[in-house]
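**Q** Chains as they are written, first to last, in the UniProt record's numbering: chain A, 1 to 596; chain B, 1 to 724. Pasting in a structure now, in structure tokens, and then I'll have a few things to ask.
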Amino acid sequence: MAISRYVLLVFTIAMLASTAISDPILTKVNRHVENPGPLIMSEVLLAFPELQSKNLAYLTASSHETKGKPKGSVVSLPIKAVNLDDRPSAATFYSVLLPKEVAAGESFTLDVLAVFTHALRPVPEQITQADIQLVLYRDSVYYLSPYEVKVQSLSVKLPDSKIESYTKLESTKVHGSEIKYGPYENLPPFSLSPITFHFESNLPFAVAQELVREIEISHWGNVQVTEHYKLIHGGAKSKGEFSRRDFQARPNDRGASAFSFLVAHLPARARSVYYRDLIGNISTSHLRVDSRKSELVIEPRYPMLGGWKTAFTIGYGLPLQDFLYESEENRFLNMTFGSPMIELVIDTLIVKVVLPEGSSGISAAAPFPIKQWQETKISHLDIGGRPVVVLEKTNVVPEHNQYFQVYYKFSGLSMLREPLMLISGFLFVFAACIGYMHADTSISKSSASYLAKQQWEEVQVLIQKVQNVINRCLAMHDNLEASLRDLSRTGDVQACKAARKSADGLLKELSKEMKPLLTSLQAYSSAAQILPKVEELVAKERELQEKVMLKHSTAVEGYERKSGARDIDHRVALLQQKITALKQEVDDLLQFIDDI
Amino acid sequence: MATMPILPNMPALDLIKSFKLKTKQQELLIRVSILCLVYILAFITRLFSVLRYESMIHEFDPYFNYRTTLYLTQNGFYDFWNWFDYESWYPLGRIVGGTLYPGLMVTAALIYRILHFLRFAVHIREVCVLTAPFFASNTTLVAYFFGKEIWDTGAGLVAAILIAICPGYISRSVAGSYDNEGVAIFALLFTFYLFVKAVNTGSLAWSLASAFGYFYMVSAWGGYVFIINLIPLYVLVLLITGRYSMRLYVAYNCMYVLGMLLAMQIRFVGFQHVQSGEHMAAMGVFFLLQVFYFLDWVKHMLSDTKLFQAFLRITVTCAVAVGAIALGLGMLSGYISPWTGRFYSLLDPTYAKDHIPIIASVSEHQPTAWSSFMFDFHILLFLFPAGLYFCFKRLSDATIFIVMYGLTSMYFAGVMVRLILVATPAVCLVSAIAVSATVKNLTVLLRSKNKGVQTGSTKGSSSSKASSKALLDQSQPFQKNGAIALLFGAFYLLSKYATHCTWVTSEAYSSPSIVLAARGAHGSRVIFDDYREAYFWLRQNTPPDAKVMSWWDYGYQITAMGNRTVIVDNNTWNNTHIATVGRAMSSYEDEAIEIMRSLDVDYVLVVFGGVTGYSSDDINKFLWMVRIGGGVFPVIKEPDYLVNGEYRVDKGAAPKMLNCLMYKLCYYRFGEMLTEYGKPPGYDRARGVEIGNKDIKLEHLEEAFTTSNWIVRIYKVKPPNNRW
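Structure follows, in structure tokens:
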């Protein structure tokens, strides 16, 4: 690389902060770059020693174009890893592309934020419940740089002012939990001078060895997120007794490095939240919901002492419209990548986005490099399975909680697939039932009982027909009655007569229909005990019919003679009584035959 | 114009008329809808446990069943059948396939497969949790058909309703109670129903079906022995009362022969079915039936009665002699095994107490108290004799069966608490007959009177009317009012029964016993989830091959939830092994460590209720450890632990008690603890005393984990000290 051959005067402030989050180490580097050389500079190289580079989880660089501008105008700059052949192999290089070229003599300020995980080593590695957890951090007092450094200073912020030991150099100042080194001037490139800090830290060393987030999209309005955690306390391992008595009586003193709860910041409007593990629900959790966010405080089943492990699952549903954007058939999901627990370092994070069955044209985009592939998952009522986009990333820190997108095509009609399947399933069951009821499953077609049963069925069909005919007759009687009523209202004798004529004809036809039915009924032996009843019914009906006809003709006659209504009523009354009695009997008989 | 409204109405009226159901169809509709409602009711009343707690497996044995079902679904049937479980009974292991009744697991796995085939991606746990309620629902259907078979459809319906909510059955079939009994009661009742149907019809098909029902029962539960003894007894009674028929011959022979062959396919039963004493009654009755049939045939062939009498005498003597000799020889040569202890303890309630402490130590094997009869049966308890009266009044093959089933199972229910379960279907059926017959008689009375009033003016033509008239004439004054009052009384009783059942189900029988719930100071619900806390800690934070020693009650739970090897578990097949653990628990620490080292124990788990007042902890179970340990190892003498014949933990306790391993592990560092306001430190809330030994030092063990409410305490066995 040509640039670094020219002398660059670099003014650097390195700030190391071991912040509230225990395990990750945040390094903020504030660099002031000046280009003294004759060439125009367009990129800056960042170097990390091997010790740090394997722990590097997150790296970002942003620029202030000039000093006077407010902090709001921070622009993050593209970074890419570069391989330099002529450089020491013990260092890893990243190159930052500057927003605009820096000409000779110009200066430029660059903010670099790097997050390291697993950089704190507990020393001693094993402690008892009563011991204090001490951790060791190693770094270089000089910022590793491929350029010459004009001025550099370093300040280290530790979580607590209880510091066991630290490397003392000539220009070291300690303010409480902050240690300052420098400033140092005119350092050659790649200068290194190791420093170590040994300090107390009781912050939760919660490390998720594996986190699988499953995001399932249902176009019926829900995004279901299920997160499977495998958690370990990454600090000094606990040895010897764990005394519950001490832990309960003096929690700050005995088991101070243990953590017993974690906070998950769920998106707003999260619903049906659950927290469970392999053997069931875990009852120690609290959910606080307000309009802007939902906060879930979860306690593992037991306090997490150093080296102890646990595993659990949390799940929640989110409203689809908050996360899914669609235009016609093209849709994309926009969700945060990392865990909702901001105190967590994740060794391996696997995000699975389960798309609805029938999605196509699937692609995923994330703001950082990521391993991705696709698989299928078979869930409720699936035929071919649902496409799953799997994204995998190692060494994830809360800074990775950025939005990622999954693009896919899905037709709204496919939503109807599952209801239709259910409907057709039930339809099939009912059809099968109907088929079964109508199928003849008897194996001996010639046995006596089978034949008797068959005969009885035929008899039943015949009786059904008889009943039908009788019912039609009865309906005809009702018609006649209705025509009489019309007569009394309108006085249209002709119409009434016509009604009787047609009824008469129909009734005759019906009685003709009845005859073959009765004869065929007589042929069955099994109909023997029902036959007299049927015949009685037919006879009664015939009688009723005659009476109704008689009543009708009498009434019409009376009307023709212009006799008074009372007179007609008087004449009909006797008939009417008989008709009522007969009707009752016919009804009783019908009921009786029904019940057989 | 006034005709207008009439005309359009006419077709509508016709339509309604054509839709009008016949009486029979109405009855069918009502019956089917009642059955559907009962089916649903039986299912949802068992979901109280899921509502109150969660969808989880309950108690002890269900955890083993769940674990094996999981194995079955993951590894397939053959692996399951040949499974050698290293995780239990260390170092002996357990041949799981040959020592369990696989019916339950296979059923659940089958349901799981079917659901997955239909693309319902349910978890196997949900299937297991809901298996028992599902089968309880099916049992109501069987009860309906059974009631219909022995009495009428009305009795069937009442039986279905009674059994759907009967606490005696619910206690073993709530959601999560994934135990053999859950499916076995269904299988039991189904087998009985099919057998009664076979006896009633003499049909080979029904008999075959009952043989398969029996096979399912054998595969599901050890209680099948009840079937294979009750049915021969029933046949014997029918023979004695002169009710022998060809129908009976066909039904019993087919059922016995096929049922036996099928039952022998279950490895846990195998040749026991023809060799053990419990099954001999069935075989004896089988041969007796052949002799009976043979005699019947000879009698038919011989016309001379005198000759037949002589022949009868010779044959009966020979048959009895041959039978007795065969039995004697079999017993002597050991081919026929004698009755097992469990069977003896059923016939003689005091037997277990004297001879087998391990059976007597289980709370559900205790003789039943009256209160628990009342609790589990409520009004059925006095409807039962009424039902027996109705059965005797209308004696038939079927009613004889239900009477015998009812009486024998009631006896067994009196001997052992858990056998109330077996008696429940019979009690429900007999009571249903009482309810149905009473209500029917009363309503007939009411209806006939009403009809008489209504149709008083019209001439009665049908026969039913004539009979109602006759009834009306015979009726006494105030009969109608009396009938109404009685009906209201019956309604009141039945509604009381329903409320009682619901209350019992929700309050008493829905607790998973893994999660304990208590009322807090402000009336809020406090949950003690210590068991799972401890098991999950074991699962996550101990080496995968760690061996855990605990009393046998927790064995299944540790293997299922903790996934660690245990020394003994709830399958109490090896008394000596359990006695070894009992001995270790009741010895001094330095003696116990030798036993624990010899068993490769890494962790010791004890259950302690002193902080919470949880009474079924290991100190209260300690007398059984001493007794069982002492039963095998005479070194342990019970009097050493007793003061004036009782176990004490306070200052007045026996010195051996105060220094034995169990005491030390339970009360380690408990002496510093203030449990209750106003009481001295080290006050044991479960026993209400201040402990006697507050300065406990452990030499070979160290506290590894104690749950938040101290209910479960786990100790680690320290490695031996280095020798210099």
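In this text, a Cβ means the ideal position worked out from N, Cα and C, and glycines have one as well.
Can you give the Cα-Cα distance for residue 204 of chain A and residue 113 of chain B, rounded to whole angstroms?
**A** Locating residue 204 of chain A in the first sequence gives position 204, counting from the first residue. Locating residue 113 of chain B in the second sequence gives position 113, counting from the first residue. Roughly 44 Å separates the two Cα atoms.
**Q** What separation, rounded to the nearest whole angstrom, lies between the Cα atoms of residue 127 of chain A and residue 602 of chain B?
**A** Translated into positions along the first sequence, residue 127 of chain A becomes position 127. Translated into positions along the second sequence, residue 602 of chain B becomes position 602. If you take the alpha carbons of residue 127 of chain A and residue 602 of chain B, they lie about 21 Å apart.
**Q** Under the DSSP definition of a beta bridge, which residues are partnered with residue 335 of chain A?
**A** Indexing the first sequence from 1 puts residue 335 of chain A at position 335. For residue 335 of chain A, which the question treats as bridged, DSSP gives the partners A/404.
**Q** Is there a Cβ of chain A sitting closer than 7 Å to that of residue 537 of chain B, yes or no?
**A** One-based indexing of the second sequence puts residue 537 of chain B at position 537. So, interface residue.
**Q** Kindly list, in the order they appear in chain B, the residues whose Cβ is closer than 8 Å to that of residue 240 of chain A.
**A** Counting from one through the first sequence, the residue named residue 240 of chain A turns up at place 240. Chain B residues near residue 240 of chain A: 702.
**Q** Helix, strand or coil: which one does DSSP assign to residue 339 of chain B?
**A** Taking the second sequence and counting its residues from 1, the one referred to as residue 339 of chain B is at position 339. Residue 339 of chain B falls in the coil class under three-state DSSP.
**Q** Are three or more beta carbon pairs between the region 177-186 of chain B and the region 220-232 of chain B nearer than 8 Å?
**A** Taking 8 Å as the limit for Cβ pairs, the verdict is that the region 220-232 of chain B does touch the region 177-186 of chain B.
**Q** According to the neighbour-count rule (16 or more other Cβ atoms, all chains shown, within 10 Å of its Cβ), is residue 507 of chain B buried or exposed?
**A** For this step, residue 507 of chain B is matched to residue 507 along the second sequence. Exposed, because fewer than 16 other Cβ atoms sit within 10 Å of the Cβ of residue 507 of chain B.
**Q** Since residue 60 of chain A sits in a beta bridge, which residues does DSSP pair it with?
**A** Locating residue 60 of chain A in the first sequence gives position 60, counting from the first residue. Answer by DSSP bridge pairing, in chain order: A/113.
**Q** Check whether the Cβ of residue 380 of chain A lies closer than 7 Å to any Cβ atom in chain B.
**A** As a working mapping, residue 380 of chain A is identified with position 380 in the first sequence. Chain B contact via Cβ: present.
**Q** At least one CB of chain B closer than 7 Å to the CB of residue 441 of chain A: is that the case?
**A** For the purposes of this step, residue 441 of chain A is taken as the residue at position 441 of the first sequence. No, no contact with chain B.
**Q** Looking at the strands, I want to know which residues DSSP matches up with residue 85 of chain B.
**A** As a first step, residue 85 of chain B must be located in the second sequence, where it is residue number 85. DSSP output for residue 85 of chain B lists B/94 as bridge partner(s).
**Q** For residue 78 of chain A, which residues of its own chain have a beta-carbon under 6 Å away from its beta-carbon, when the five flanking residues on both sides are left out?
**A** Start at 1 with the first residue of the first sequence, and residue 78 of chain A comes out as number 78. Once the five neighbours on either side are set aside, the close Cβ partners of residue 78 of chain A are 97.
**Q** By DSSP, does residue 535 of chain B sit in helix, in strand, or in coil?
**A** The sequence position of residue 535 of chain B within the second sequence is 535, counting from 1. If DSSP states are grouped into helix, strand and coil, residue 535 of chain B belongs with the helices.
**Q** With 7 Å set as the bound, which would you pick, yes or no: does the beta-carbon of residue 252 of chain A sit closer than that to a beta-carbon of chain B?
**A** For this step, residue 252 of chain A is matched to residue 252 along the first sequence. Output row for residue 252 of chain A: interface = no.
**Q** By Cβ distance below 7 Å, which residues in the same chain neighbour residue 189 of chain A in space, the five residues on each side in sequence not counted?
**A** Indexing the first sequence from 1 puts residue 189 of chain A at position 189. 145, 146, 147, 148, listed in sequence order.
**Q** Is DSSP giving residue 103 of chain A helix, strand or coil here?
**A** In the first sequence, the residue the question calls residue 103 of chain A occupies position 103. Residue 103 of chain A: coil per DSSP, three-state reduction.
**Q** If you compare alpha carbons, which of A/560, A/576, A/555 is closest to residue 568 of chain A?
**A** Translated into positions along the first sequence, residue 568 of chain A becomes position 568. Out of A/560, A/576, A/555, A/555 has the C-alpha closest to the C-alpha of residue 568 of chain A.
**Q** In this structure, what does DSSP give as the bridge partners for residue 478 of chain B?
**A** As a first step, residue 478 of chain B must be located in the second sequence, where it is residue number 478. BP columns for residue 478 of chain B are empty, so no partner.
**Q** So residue 308 of chain A contacts chain B; which residues on that side make the cut at Cβ distance below 9 Å?
**A** Taking the first residue of the first sequence as 1, we reach residue 308 of chain A at position 308. Those are 537, 540, 541, listed as they occur along chain B.
**Q** At the 7 Å Cβ level, is residue 579 of chain A part of the contact set with chain B, yes or no?
**A** The residue given as residue 579 of chain A occupies position 579 in the first sequence. Judged by the 7 Å Cβ criterion, residue 579 of chain A is not in contact with chain B.
**Q** Between A/409, A/297, A/510, A/105, which has its C-alpha nearest residue 473 of chain A's C-alpha?
**A** Along the first sequence, one-based indexing puts residue 473 of chain A at 473. Minimum Cα distance to residue 473 of chain A is reached at A/510.
**Q** Which residue comes first and which comes last in the beta strand (DSSP E) that contains residue 194 of chain A?
**A** By one-based count along the first sequence, residue 194 of chain A stands at place 194. Start and end: 194-200.
**Q** By the three-class DSSP mapping on this structure, what secondary structure does residue 385 of chain B have?
**A** Looking up residue 385 of chain B in the second sequence gives position 385. It is helical.
**Q** Consider the Cβ of residue 542 of chain A: report whether some Cβ of chain B lies at a distance smaller than 7 Å.
**A** Residue numbering aside, residue 542 of chain A sits at position 542 when the first sequence is read from its first letter. No, no contact with chain B.
**Q** For residue 504 of chain B, collect the residues of the same chain with a Cβ closer than 6 Å to its Cβ; drop the 5 residues on either side in sequence, then sort them by chain order.
**A** To locate residue 504 of chain B, count along the second sequence from 1; it is residue 504. Contacts found: 167.
**Q** Could you list the residues in the region 479-505 of chain B with a C-beta less than 9 Å from some C-beta on chain A, going in chain order?
**A** Answer in chain order: no residues at all.
**Q** By the three-class DSSP mapping on this structure, what secondary structure does residue 463 of chain B have?
**A** Position 463 of the second sequence, counted from the start, is the residue given in the question as residue 463 of chain B. Because residue 463 of chain B carries a pLDDT of 41, less than 50, the predicted location of this residue cannot be relied on, and the following value inherits that uncertainty. In the structure shown, residue 463 of chain B sits in a helix (DSSP, three-state: H, G or I).
**Q** Taking one C-beta from the region 67-80 of chain B and one from the region 94-106 of chain B each time, how about it: are there three or more such pairs within less than 8 Å?
**A** Cβ pair count under 8 Å is three or more, so yes.
**Q** Identify the residues that DSSP records as bridge partners of residue 684 of chain B: which are they?
**A** Reading the second sequence from its first residue, position 684 is the one you call residue 684 of chain B. DSSP, once it has assigned bridges, lists B/689 as partnering residue 684 of chain B.
**Q** Would you please verify whether the beta carbon of residue 83 of chain A is less than 7 Å from any beta carbon of chain B?
**A** As a first step, residue 83 of chain A must be located in the first sequence, where it is residue number 83. No - not a single Cβ of chain B is within 7 Å of the one on residue 83 of chain A.
**Q** State the DSSP-derived secondary structure class of residue 357 of chain A, mapped to helix, strand or coil.
**A** Counting from one through the first sequence, the residue named residue 357 of chain A turns up at place 357. Looking at residue 357 of chain A - three-state DSSP - the assignment turns out to be coil, as it is neither helix nor strand.
**Q** For residue 42 of chain B, which residues in chain A fall below 9 Å Cβ to Cβ?
**A** Along the second sequence, read from residue 1 onward, the residue named residue 42 of chain B stands at position 42. Here the premise fails: no neighbours, minimum Cβ distance about 22 Å.
**Q** Against chain B, which members of the region 290-303 of chain A pass a CB distance test of less than 8 Å?
**A** Result list: 301, 302.
**Q** For residue 540 of chain A, which of helix, strand or coil comes out of DSSP?
**A** Counted from its first residue, the first sequence places residue 540 of chain A at position 540. Note: residue 540 of chain A maps to helix in three-state DSSP.
**Q** Would you mind giving the Cβ-Cβ distance between residue 187 of chain A and residue 152 of chain A, rounded to the nearest angstrom? I have them listed as a contact below 8 Å.
**A** Against the first sequence, residue 187 of chain A aligns to sequence position 187. Against the first sequence, residue 152 of chain A aligns to sequence position 152. Sure, about 6 Å apart at Cβ, within 8 Å.
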